Amino acid sequence: LLSLLSIVVLVLVKELNEQFKRKIKVVLPVDLVLIIAASFACYCTNMENTYGLEVVGHIPKGIPPPRVPPMNILSAVVTEAFGVALVGYVASLALAQGSAKKFKYSVDDNQEFLAHGLSNVIPSFFFCIPSAAAMGRTAGLYSTGAKTQVACLISCIFVLIVIYAIGPLLYWLPMCVLASIIVVGLKGMLVQFRDLKKYWNVDKIDWGIWISTYVFTICFAANVGLLFGVVCTIAIVIGRFPRTKTLSIINMKEMEFKVKTESDDETLQQVKIVSINNPLVFLNAKKFNTDLMNFIQKENASNQPLDDISKYEQNTLLNSLSNGNCNEDAAQPCCSERWSLVLDCSGLSLFDYSGVSTLVEVYMECKGRSVDVSLANCTASLIKAMTYYGNLDSEKPIFFESVSAAIRNIYSNKNLSKLSDHSEV
């Protein structure tokens, strides 16, 4: 009954905070108010003895003195320690990437790996249990409106205050109230069930991985389910990976289009062609997105006039998506304020949910940067997956049967006069 009452209060107050957050400057910290009220009520009515209500109980005060961990037991625990470290890092990275997507910033996997290692090396001298990002804490920070590391700093300070000062005051906090706060905080995670339909329409194999990982997590534990999901995903990608010669990078011939304007003056406008000649899956989707967006930013930054140039030599980005590097040979011609990008998907023989998500994100990002994006040589399954995934409503068509058709459409709409270079990823 107390859990139900706590959940109702939390949901109602949080919904009201969400509705009126633009009108009020200070959001009511309902979680803190509920903790204080429940602890005070439990203390006054002695619910622990009267109703057998489980409370937090005694919290040790202070931090034990640092000691060097016993290295003689390393050989006995190294196998389990490796599994715990792997699962903890994957869980932390997954939550970091989810936060980055929610608040639209980038995450460096290597930096996260270093931070995760340091956060476990130092506490080992105080005999702390292995640490990792927690879904409950992350969801709790979301619900309070936290967006920066300042929130984590404040949380750490508050934890230290609890350990050294007010820990005994939380003795009477009911465990059911604490669980209710976590459940309500996970509401945003639970509504991700709505994405199952999208997964099914985009990639049924990813849908199966989602369901099986969820079942393993419920039946066993979060670390077991996460480990199963990672191993299963890697095994499926290896099994689906094409083994044909069509994945080799083939340089396309440069194409030139000339269109006369109404004033019979020939104008020169750039069209960048990016040829995707490798599978686009979760293993390389992020690197593809990063390299392509860096390329687009560089093109947008270059804005100087072009002199008497009749033909540009083709520039290529010869690194494959599997390696993830994107290098440009020679100087690139500069683009005008608005230019066009054509993604040649003829070599995109395999994609998953992450790959489709990346393509849609690239399209939406370019749309906000005044870059017209067209996709050529797309398979019917790719068009269907991208249509189901995101809102691609556009006044202009974005899918074309060939690169030539895409370029003809660009020139007919914008009075373009020349294709300047062709980049291959």
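In the UniProt record's numbering, the protein residues as written are 1 to 425.
All residues carry an ideal CB built from backbone N, CA and C; glycine is no exception.
All values derive from a computational prediction rather than experimental measurement.
| Query | Result |
| --- | --- |
| Limits of the alpha helix (DSSP H) - the one that Leu384 falls within | The sequence as given places Lys at residue 384; Leu does not occur at that position. Ala380 to Tyr389 is the span of the alpha helix (DSSP H), which, as asked, contains Lys384. |
| With 16 other Cβ atoms within 10 Å as the buried cut-off, status of Thr246 | In this predicted model, Thr246 has a pLDDT of only 32, less than 50, meaning its place in the structure is not dependable; the value taken from the coordinates is given anyway. Its Cβ having fewer than 16 others within 10 Å, Thr246 is exposed. |
| Beta carbon of Asn284 nearer than 9 angstroms to that of Asn277 | no |
| Classification of Gly185 by the beta-carbon crowding that lies within 10 angstroms, buried from 16 upward | buried |
| C-beta atoms of Val237 and Val281 nearer than 9 angstroms | yes |
| Contact the region 34-54 vs the region 203-223: 3+ CB pairs below 8 angstroms | no |
| Backbone CA spacing between Asn315 and Val90 [nearest angstrom] | Any answer about Asn315 is weak, because its pLDDT of 36 lies below 50 and its placement is not dependable; what the coordinates show is given next. Cα-Cα distance, rounded: 38 angstroms. |
| Through-space distance from Ser275 to Lys286, alpha-carbon basis | 17 angstroms |
| Bridge partners - Pro174, DSSP secondary structure assignment | Val55 |
| 7 angstroms Cβ shell around Gly167 - same chain, five flanking residues per side excluded | Ile59 and Lys61 |
| Contact check, Leu170 vs Val183, beta carbons under 9 angstroms | no |
| Backbone secondary structure at Phe399 - three-state DSSP | strand |
| 8 angstroms contact criterion, which Trp172 and Val33 should meet: CB distance rounded | About 16 angstroms; that fails the 8 angstroms criterion. |
| Beta-carbon gap between Leu341 and Val371 smaller than 9 angstroms | yes |
| Same chain, Cβ closer than 7 angstroms to Pro66, five either side skipped, listed in chain order | Phe125 and Phe126 |
| Contact the region 376-386 vs the region 350-362: 3+ CB pairs below 8 angstroms | yes |
| Nearest-angstrom beta carbon gap, Leu375 and Phe399 [assumed within contact, 8 angstroms] | 5 angstroms |
| Residues of its chain near Leu1, where Cβ-Cβ distance is below 6 angstroms and the 5 sequence neighbours each way are ignored | none |
| Simplified DSSP assignment, three categories, for Cys42 | helix |
| Residues that DSSP places opposite Phe351 in a beta bridge | Leu280 |
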